[in-house]
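> Positions in the sequence shown are counted from 1; adding 2 to them yields this note's numbering.
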Amino acid sequence: MLNGYLPPARFLPFLSWTDIAELPDKENTVIVLPTGAIEQHGPHLPCAVDSIIAAGVVGHALARLPDEVAAFAIPPITYGKSDEHLHFPGTLTLTGDILQQTIIELGESVYRAGFRKLLMVNGHGGQPQPLQMAMRELRLRHGDFILIMQDIFKVPNCADRFMAEQERQMAMHAGHAETALIMALAPETVQMHKAVCNYPPAFPCPTLSSTRPMAAWVAYDFGPSGVIGDPLPATPEQGEAILDSLASSWARAISEIHQMKWVTRDAPSWGKAHWQGTVLAEHDAASLLKHQ
Ligand SMILES: [Zn+2]
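Here you go:
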């Protein structure tokens with residue numbers, strides 16, 4: 003079925019429009035959007051890793067929510083911004099602009115339906131920037147819209163318990179943690195006999211190297227396998243443990259977002275003019291100046 007890893011009772015598109023119109027307390031209902039990507043993940047993992055992990059962890063989190071926490075997933079973003087991997091076949095990427103615009107359109111649709119809380123759980127480290135830019139734009143348009151985006155691994159989880167120091171410091175892609183998680187979520191797609199270890203060289207600027215500086219890179223810069231890390235020690239049991247810890251942290255986060263209050267305000271008049279595509283009216287400009 004279309005819902006994949008997401009529990010059917012928590013999959014918004016399985017409701018009819020009248021069901022959605024009649025939902026109680028839509029302002030606090032959390033709409034969860036898993037954001038993944040389709041991009042190479044070395045010779046041993048499928049290209050769908052980031053989409054599988056985003057939807058899989060969100061699905062497991064939603065499945066353990068108590069009934070009183072109102073939350074629904076919408077269909078995951080499976081195509082993301084993966085241009086750093088386009089030297090490898092199987093990578094299917096959007097441009098950052100298109101991804102940003104897609105999130106804005108989806109956010110508008112969620113808002114129009116009466117929801118006011120949108121959480122993006124991001125499975126691909128190459129695209130937080132367009133997601134953040136889209137969130138800021140939506141927030142500017144709608145001052146009562148609560149938008150949150152976080153990397154899927156940036157909640158408390160037990161992955162570090164299994165990782166070697168070098169892996170914790172240097173791994174970025176198709177390494178130990180992602181491999182273990184895919185062993186748990188989609189074991190039939192893992193080909194461990196093809197797995198290789200590959201670490202990038204240390205960044206040759208010692209003052210910045212411990213901060214993982216943002217030197218521009220594409221995956222091919224670090225070797226022809228596409229792997230950045232060491233997948234070899236991964237096991238399905240570790241994957242189950244990491245999945246369980248991520249799912250329980252995300253379930254807790256979704257419950258807290260359901261309860262939380264956040265700053266709200268009216269959209270500024272110039273913000274409305276901007277998003278409606280109209281030219282800033284003269285009196286708006288004058289009143290804006292007066293307020294400075
Ligand atoms: Zn990945």
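The beta carbon of each residue, even a glycine, is placed where N, CA and C say it ideally should be.
So, with DSSP's three-state summary, where would you put Ala121?
Reading off the sequence shown, one finds Leu at residue 121, where the question assumed Ala. Residue state, collapsed to three classes: strand.
> Could you compute how far the alpha carbon of Phe90 sits from the alpha carbon of Gly228?
Going by the C-alpha atoms only, they are around 8 Å apart.
> Any idea if Pro233 is buried or exposed, counting beta-carbon neighbours within 10 angstroms, 16 or more meaning buried?
Answer is buried; the Cβ neighbour count reaches 16.
> With a cut-off of 8 Å, do at least 3 Cβ pairs link the region 85-102 to the region 14-25?
These segments do not touch.
> Pop quiz: Asn124 and Thr191 are said to be a contact at Cβ under 8 Å. What is the actual Cβ separation, rounded to whole angstroms?
In fact, because the Cβ distance is near 21 Å, the residues do not count as touching under 8 Å.
> With a CB to CB cut of under 6 Å and the five nearest residues on each side skipped, what residues in its chain are close to Val112?
Hits under 6 Å: Ile33 and Leu120.
> Grouping DSSP H, G and I as helix and E and B as strand, with all else coil, what is Val112?
Residue state, collapsed to three classes: helix.
> How is Thr259 classed by DSSP in three states: helix, strand or coil?
Reading the sequence as shown, one finds Ile at residue 259 and not Thr. Ile259 falls in the helix class under three-state DSSP.
> Listed in chain order, which residues are found with a beta carbon closer than 5 Å to a heavy atom of ligand 1?
Residues flagged by the Cβ proximity filter: Val51 and Asp52.
> Under DSSP, the beta strand (DSSP E) around Met172 begins and ends at which residues?
No beta strand (DSSP E) contains Met172, which is instead part of the alpha helix (DSSP H) from Glu167 to Met172.
> Considering only C-alpha positions, which residue in the set Gly177, Pro77 and Cys207 is nearest to Pro235?
Closest by alpha carbon: Gly177.
> CB-CB under 6 Å to Ala65, same chain, minus the five flanking residues each way: which ones, in chain order?
Answer for Ala65: Pro9, listed in chain order.
> Evaluate Met185 with the Cβ neighbour count: other Cβ atoms within 10 Å of its Cβ, from every protein chain shown; 16 or more gives buried, anything less gives exposed.
Buried: at least 16 other Cβ atoms inside 10 Å.
> Roughly how many whole angstroms lie between the Cα atoms of Gly109 and His195?
Roughly 42 Å between the two C-alpha positions.
> Would you report the Cα separation of Arg143 and Phe205, rounded to the nearest angstrom?
Looking at the two C-alpha atoms, the distance is approximately 40 Å.
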